[in-house]
Amino acid sequence: MNADLRTRLGSLRLPNPVVTAAGCAGSGRELAQFFDIAEIGAVTTKSLMLEPRAGRPAPRMAETPSGMLSATGMQGPGIDVFLQRDLPWLLSRGGRAIVSLAGSGAGEFGELARRVSEAEGVGAIEVNLSCPNPADPSGRHFADDAAQAAAVVQTVRSHARSDVPVLAKLAADVPDVVELAGACVAARADGLTMVNTLRGMSVDTRTLRPAVAGGMGGLSGPAIRPLAVGCVYRVHEVFPEVPIIGTGGVRTGTDVLEFMAAGASAVAVGTVNFADPSACVRVLREFTEALDARGVSRASDVVGAAHRPGTGV
Amino acid sequence: MNADLRTRLGSLRLPNPVVTAAGCAGSGRELAQFFDIAEIGAVTTKSLMLEPRAGRPAPRMAETPSGMLSATGMQGPGIDVFLQRDLPWLLSRGGRAIVSLAGSGAGEFGELARRVSEAEGVGAIEVNLSCPNPADPSGRHFADDAAQAAAVVQTVRSHARSDVPVLAKLAADVPDVVELAGACVAARADGLTMVNTLRGMSVDTRTLRPAVAGGMGGLSGPAIRPLAVGCVYRVHEVFPEVPIIGTGGVRTGTDVLEFMAAGASAVAVGTVNFADPSACVRVLREFTEALDARGVSRASDVVGAAHRPGTGV
Amino acid sequence: MSVAVGGDHSSTLLRRPFAVHDVKPDYGGTVEFLFAVRGSGTAWLAERRSRDLLDVVGPLGRPFPLPRDPVNCVLVGGGSGSAPLFPLAQSLRRRGCRVDFVLGATSADRVFSAITARRIAETAAFTTDDGSFGTRGRVCDVLGRVIEEARSDAVYACGPMPMLRAVTAVAGSHGLPVQVAVEEAMACGVGICMSCVIPVVGEDGITRMVRSCVDGPVFRGEHVRFDDVGTIPFDALGAPGWKGSSAARAAESARDIA
Amino acid sequence: MSVAVGGDHSSTLLRRPFAVHDVKPDYGGTVEFLFAVRGSGTAWLAERRSRDLLDVVGPLGRPFPLPRDPVNCVLVGGGSGSAPLFPLAQSLRRRGCRVDFVLGATSADRVFSAITARRIAETAAFTTDDGSFGTRGRVCDVLGRVIEEARSDAVYACGPMPMLRAVTAVAGSHGLPVQVAVEEAMACGVGICMSCVIPVVGEDGITRMVRSCVDGPVFRGEHVRFDDVGTIPFDALGAPGWKGSSAARAAESARDIA
Ligand SMILES: Cc1cc2nc3c(=O)[nH]c(=O)nc-3n(C[C@H](O)[C@H](O)[C@H](O)COP(=O)(O)OP(=O)(O)OC[C@H]3O[C@@H](n4cnc5c(N)ncnc54)[C@H](O)[C@@H]3O)c2cc1C
Ligand SMILES: Cc1cc2nc3c(=O)[nH]c(=O)nc-3n(C[C@H](O)[C@H](O)[C@H](O)COP(=O)(O)OP(=O)(O)OC[C@H]3O[C@@H](n4cnc5c(N)ncnc54)[C@H](O)[C@@H]3O)c2cc1C
Ligand SMILES: Cc1cc2nc3c(=O)[nH]c(=O)nc-3n(C[C@H](O)[C@H](O)[C@H](O)COP(=O)(O)O)c2cc1C
Ligand SMILES: Cc1cc2nc3c(=O)[nH]c(=O)nc-3n(C[C@H](O)[C@H](O)[C@H](O)COP(=O)(O)O)c2cc1C
Ligand code: FES
Ligand code: FES
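Residue numbers (our numbering), protein chains in the order written: chain H, 11 to 323; chain R, 11 to 323; chain V, 27 to 284; chain X, 27 to 284.
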């Protein structure tokens with residue numbers, strides 16, 4: 011038996027729920043050495059900005075218990091190079107693209123969405139709300155302020171093609187993730203991706219200086235999975251109709267089951283790609299086996315199971 | 011060479027910076043089977059309430075990558091039993107006690123502080139701000155609202171003996187930890203303990219139901235260390251004069267070094283006690299060795315080193 | 027006892043509890059435990075080779091109490107819960123007690139040490155869920171008969187909670203005292219994490235949430251509120267429904283000091 | 027290549043990068059790498075026994091380019107950076123090149139395969155920081171002399187960044203081309219995490235933050251902006267100070283498509 015793995019994120023239909031997380035799969039080309047990227051649900055791009063960007067100085071990462079801290083500063087080629095070079099390549103391989111956008115304000119986000127809308131074949135737009143808001147004196151993220159976040163989502167939604175779903179990517183270290191989710195949904199987000207990295211730091215105990223240049227970095231990996239699953243659970247409880255991509259520490263097929271039971275319709279693999287470049291297809295295989303072992307015939311039946319009394323499926 | 015390990019938390023002087031974290035060392039008696047509790051800096055009690063408390067139903071814990079989720083619901087004997095039974099025992103063994111308090115409102119916190127003040131020999135009071143605030147309809151913690159948290163701290167400070175320092179215990183999953191810290195300091199907290207567990211959940215993938223009864227639990231252990239160190243770093247940057255107990259995933263002596271370099275004056279060992287009941291003395295020994303290896307003669311010289319350019323010490 | 031799994035840099039932080047199966051003076055002292063591979067921790071344990079080091083804390087908790095007189099005892103084990111019954115059987119035999127075993131498992135390959143059981147005990151009955159060894163069914167299906175045939179005076183049991191509940195009921199219906207060893211999930215094993223609590227009625231009639239790692243894992247079966255395991259009974263000490271008078275609290279405090 | 031450390035349930039998530047030391051057809055194909063124990067990952071590796079399985083991804087990145095003609099090459103290695111120079115030496119020898127080694131280490135016990143070096147190469151000079159083996163000092167203290175004596179035509183170097191910078195300077199002052207293999211911290215090794223970037227000047231004169239795992243680890247020494255490693259040079263593509271015209275950007279895009 012092989013379960014029906016299809017899933018939906020608003021109007022976007024995916025053959026299966028395993029996608030890559032933004033910034034954790036390059037342009038897709040690097041991972042294509044290890045597996046056929048048409049096999050997975052979709053590739054989420056790194057967050058693209060209007061201009062090319064050199065990112066932050068090294069050291070950019072530090073290993074932490076069951077996780078890592080990173081601060082790449084969203085190095086990337088800029089939206090135009092992506093649309094001209096990477097997107098056609100991805101589509102030519104039969105892949106599906108979720109395009110992540112990062113702007114320095116609602117205006118820039120709008121312009122990014124407009125340019126993306128001129129391209130054919132984009133599966134969905136993901137709005138990275140964990141970018142520093144330059145208008146905030148203390149350098150907080152858009153996601154730290156539900157109203158600012160909603161303004162960004164609204165602008166992207168109004169500039170994007172109506173047939174392309176817009177997903178708001180939320181962080182876990184925000185005042186109230188349910189309130190933030192509500193604000194984004196009210197601003198017409200078609201779905202939510204949860205969660206981005208959490209702000210943390212580590213000290214290099216040889217030098218006694220911050221291990222990542224600039225001090226703070228983003229914590230990711232299995233260490234944060236309970237925080238991510240908690241966000242998905244709480245948001246799905248209040249907004250059961252809103253599709254969610256769960257992300258944060260997915261390592262195995264049972265982790266997919268965990269996120270889907272909490273309320274996710276798809277799951278993004280991030281940091282674990284660094285440890286295992288064929289993680290996505292392995293996770294997908296393990297997930298299929300886990301469904302089969304439980305006699306589940308449709309992956310979508312698992313969505314939200316942890317909210318239902320009884321044995322769920 | 012053996013470094014001078016003494017440290018201070020306001021008026022409380024400790025022989026060394028390694029203490030136990032609230033709720034992770036029983037009454038001290040259990041760990042006394044494994045080491046002499048006078049050897050460590052202090053024992054922090056579990057958070058005490060006015061009445062005995064049965065806590066939450068089982069299952070109360072779940073293992074997560076490099077951490078655990080727990081929801082014990084602050085089971086405990088109540089403040090009076092503690093003061094009559096556990097405190098005298100602790101003092102008779104030469105231990106130092108940091109008494110953690112948990113109330114359901116400022117009034118109850120005040121009454122707790124008053125009762126503690128009638129006892130002799132209490133080293134410090136720690137105010138657990140991660141208790142659900144019954145006045146908040148969505149069951150948020152006092153720590154989620156800086157003003158509410160400050161009100162609690164202020165009440166405890168005014169009811170406690172003036173020679174007993176009051177430490178505010180903060181959480182990492184709050185809107186803005188620096189703002190929260192500032193509010194507590196303004197309310198005359200003598201020091202801060204950072205951080206408490208973070209709200210998360212995990213799903214038992216056999217039953218597809220939440221792994222901890224009631225769904226959400228508190229995430230602790232090495233997994234959260236970068237988040238805890240990040241909070242200590244950011245708060246120490248703004249309030250360098252305020253003593254901090256760093257806590258969250260301390261496992262080894264170099265972890266103590268990491269927290270102190272970020273700005274902590276002492277460090278509390280929590281979850282790792284469950285894995286290794288002699289963790290506190292082992293960590294203390296490793297920390298001493300780490301100082302010696304670096305030629306540091308006073309532990310207090312390390313405090314805040316990560317904020318100073320150059321090699322810190 | 028509890029064993030750390032996964033090595034120094036493991037992502038599995040917590041120890042795994044196991045019953046002591048046997049303690050021998052061989053090779054300068056050997057502690058034996060039997061385990062079934064269940065999840066990642068026991069899988070890691072199964073990969074250890076001889077001479078590898080294990081990080082062990084123990085013995086922990088209260089052992090089975092032994093009767094003063096040479097009475098007839100029936101020992102009931104379910105799955106890996108059989109492990110601690112073997113040293114118990116030896117001790118009982120040394121005191122001149124008659125020992126009978128009733129051991130249950132899901133299938134033949136899960137039956138612990140059938141041969142040893144037969145050697146130590148007067149009789150040994152086996153049940154498996156699938157009938158692949160001994161009688162098909164649960165231990166309680168045969169327990170009553172064993173008690174009658176062996177003229178048992180006391181029951182000892184170790185295994186999963188539903189089995190312990192059923193064994194306690196059978197023992198009760200025969201008017202026999204029963205000692206049960208519970209297998210609650212344990213994070214620390216030394217009494218500091220409060221993860222292993224179950225509702226137990228004290229001599230004073232008050233129900234308390236007690237730690238099975240230090241106050242147990244052995245309890246008198248009649249004292250365990252099996253129907254309420256996994257809940258906080260409304261009348262437990264400190265439960266929302268509990269109305270402790272100041273006097274009751276003072277008594278509590280006095281009791282604990284004593 | 028990169029190796030996963032710590033096993034399945036390890037809390038150390040990231041792979042560790044190592045240079046391929048040798049590839050042999052023995053036993054159905056063997057890949058050799060040499061490593062020094064530095065932290066937890068290499069300590070774990072050192073505990074592996076023969077026949078244990080390792081999870082390896084490789085070969086990764088660009089290898090040292092080989093000269094078309096049989097020229098004289100000096101190979102400079104620092105610490106464990108010597109490892110990849112041995113297979114390079116073999117390949118150069120097969121092309122008829124003369125090979126000279128200059129190998130540096132902190133102390134005698136850190137010198138890699140002195141005997142092999144002497145066997146393969148025309149000459150092999152050693153330096154240690156403490157003088158416990160070879161000349162006391164750094165590789166660059168002897169490099170100039172070796173270049174002159176061996177009439178070297180090209181320099182290859184592998185080791186820590188400050189050494190590579192110094193070697194590049196010495197090679198430059200002798201007018202020799204130099205290929206350096208950098209050892210930047212790498213999280214993924216396959217080009218997806220962007221943790222291993224260093225500023226490198228392209229053929230077009232534009233500085234880019236390039237990934238040393240896929241675009242390197244071998245670069246032309248003159249192209250690496252050693253003084254700016256650990257920073258984002260203000261004029262790097264996409265740096266805050268970078269003023270890329272639309273035309274420049276279009277060119278960039280065209281270049282990348284090609
Ligand atoms: C007092 C006591 C004595 C025990 N004696 C034995 C014995 O002698 N032989 C034996 O084979 N098993 C025994 N068990 C059960 C044994 O502890 C579990 O099988 C083991 O913890 C499973 O670990 P894992 O990592 O393989 O499983 P996982 O399912 O991966 O473990 C995840 C978590 O759940 C806990 N857990 C899982 N199963 C159980 C269980 N049945 N009981 C308690 N906690 C569990 C683990 O400790 C761990 O914290 C005993 C349990 C208790 C409480
Ligand atoms: C391209 C390349 C080739 C290398 N080849 C060899 C080789 O052939 N032999 C050899 O002994 N060593 C080599 N190294 C260095 C080797 O990767 C490190 O010694 C190793 O990663 C240390 O891991 P650890 O867990 O023991 O140390 P830890 O200090 O505990 O590691 C913590 C983190 O820092 C990184 N790190 C630590 N030291 C280094 C380092 N010097 N360079 C890069 N990252 C580091 C680790 O990868 C890990 O992510 C090479 C490094 C690179 C980048
Ligand atoms: C190196 C790195 C780069 C990342 N870049 C982005 C990014 O550009 N945009 C974004 O929305 N999230 C980014 N993320 C966050 C991931 O998409 C993901 O949300 C997070 O890492 C949690 O998932 P994980 O634990 O599986 O990695 C990045 C994460 C890492 C580790
Ligand atoms: C089982 C358990 C019980 C706890 N009880 C309390 C408590 O009563 N009061 C409190 O302030 N913190 C409590 N904590 C939080 C710890 O004191 C500590 O802040 C947190 O666990 C992070 O440290 P760690 O990672 O070292 O455990 C508890 C933590 C655990 C795991
Ligand atoms: S297992 Fe920790 S208190 Fe019993
Ligand atoms: S190591 Fe990940 S991009 Fe180079």
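For glycine and all other residues, C-beta sits at the position ideal for the given N, C-alpha and C.
Identified DSSP bridge partners for residue i
{"i": "His151 (chain H)", "result": "H:Pro142"}
{"i": "Tyr182 (chain X)", "result": "X:Leu101, X:Gln205"}
{"i": "Lys56 (chain H)", "result": "BP columns for Lys56 (chain H) are empty, so no partner."}
Closer than 8 Å to chain X by CB, residue i
{"i": "Gly132 (chain V)", "result": "The residue asked about is misnamed: residue 132 (chain V) is Thr in this sequence, not Gly. With 8 Å as the cut-off, Thr132 (chain V) does not count as an interface residue toward chain X."}
{"i": "Phe119 (chain H)", "result": "no"}
{"i": "Thr54 (chain H)", "result": "no"}
{"i": "Thr281 (chain H)", "result": "yes"}
Cβ-heavy atom distance, residue i to ligand 8, below 7 Å
{"i": "Arg171 (chain H)", "result": "Ligand 8 is not among the ligands present in this structure, which contains only ligand 1, ligand 2, ligand 3, ligand 4, ligand 5 and ligand 6."}
Contact set for residue i: own chain, Cβ-Cβ below 8 Å, skip 5 residues either direction
{"i": "Val222 (chain H)", "result": "Pro69, Arg70, Met71, Ala72, Leu79, Ser80, Ala81, Met211, Ser212"}
{"i": "Asp167 (chain V)", "result": "Thr153, Thr161"}
{"i": "Ile234 (chain R)", "result": "Gly77, Ala182, Val205, Thr207, Leu208, Gly258, Gly259"}
Cutoff 8 Å: residue i Cβ touching any chain H Cβ
{"i": "Val226 (chain X)", "result": "no"}
{"i": "Thr257 (chain X)", "result": "yes"}
{"i": "Leu41 (chain R)", "result": "no"}
{"i": "Ile232 (chain X)", "result": "no"}
Spatial neighbours of residue i in its chain, beta-carbon cut-off 7 Å, leaving aside the 5 residues before and after
{"i": "Leu60 (chain X)", "result": "His47, Ser106, Ala109, Phe138"}
{"i": "Tyr243 (chain H)", "result": "Ala272, Gly273, Ala316"}
{"i": "Gly232 (chain H)", "result": "For the sequence presented, residue 232 (chain H) should be read as Pro rather than Gly. These residues qualify, in order along the chain: Ser76, Gly77, Gly259, Arg261."}
is_contact[residue i, chain V] using C-beta, thresh 8 Å
{"i": "Gly224 (chain R)", "result": "no"}
{"i": "Gly263 (chain R)", "result": "no"}
{"i": "Cys290 (chain R)", "result": "no"}
Interface flag, residue i vs chain R, CB-CB below 8 Å
{"i": "Glu268 (chain H)", "result": "yes"}
{"i": "Ala265 (chain V)", "result": "yes"}
{"i": "Glu209 (chain V)", "result": "no"}
Closer than 8 Å at the beta carbon, the chain X residues around residue i
{"i": "His35 (chain V)", "result": "Gly32, Ser36, Ser37, Thr38, Ser66, Trp70"}
Neighbouring residues, chain H, relative to residue i (Cβ below 7 Å)
{"i": "Leu139 (chain R)", "result": "Residues of chain H passing the Cβ test: none, with the nearest at roughly 15 Å."}
{"i": "Val193 (chain X)", "result": "Here the premise fails: no neighbours, minimum Cβ distance about 20 Å."}
{"i": "Thr215 (chain R)", "result": "Thr264, Leu267, Glu268"}
6 Å CB neighbourhood of residue i in its chain, flanking five on each side removed
{"i": "Ser158 (chain V)", "result": "Ser133, Ala134"}
{"i": "Ile108 (chain H)", "result": "Ala52, Thr54, Gly133, Ala134, Glu136"}
{"i": "Arg167 (chain H)", "result": "Val176, Arg198"}
{"i": "Gly131 (chain R)", "result": "Leu101"}
Per-residue contacts from residue i into chain H (C-beta, under 8 Å)
{"i": "Pro220 (chain R)", "result": "Tyr243, Ala316"}
{"i": "Gly294 (chain R)", "result": "Inspection of the sequence shows that residue 294 (chain R) is occupied by Leu rather than by Gly. By Cβ distance, chain H contributes nothing, its closest Cβ being about 16 Å from Leu294 (chain R), past 8 Å."}
{"i": "Thr207 (chain R)", "result": "Residues of chain H passing the Cβ test: none, with the nearest at roughly 10 Å."}
{"i": "Gly259 (chain R)", "result": "Pro75"}
Cross-chain neighbours of residue i in chain X, by beta carbon under 7 Å
{"i": "Val75 (chain H)", "result": "A quick correction: the sequence has Pro, not Val, at residue 75 (chain H). Ordered by position in chain X, the residues that pass the 7 Å Cβ test against Pro75 (chain H) are Ser37."}
Listed by chain order, chain R residues near residue i by CB distance under 9 Å
{"i": "Ala115 (chain V)", "result": "Here the premise fails: no neighbours, minimum Cβ distance about 29 Å."}
{"i": "Val239 (chain H)", "result": "Gly210, Met211, Ser212, Val213"}
| Relative to ligand 1, what is the chain-ordered list of residues with a Cβ closer than 6 Å to any of its non-hydrogen atoms? | R:Glu73, V:Leu40, V:Arg42, V:Pro43, V:Phe44, V:Ala45, V:Phe59, V:Leu60, V:Phe61, V:Ala62, V:Arg64, V:Gly65, V:Ser66, V:Gly67, V:Thr68, V:Ser106, V:Ala109, V:Glu209, V:Glu210, V:Ala211, V:Met212, V:Pro243
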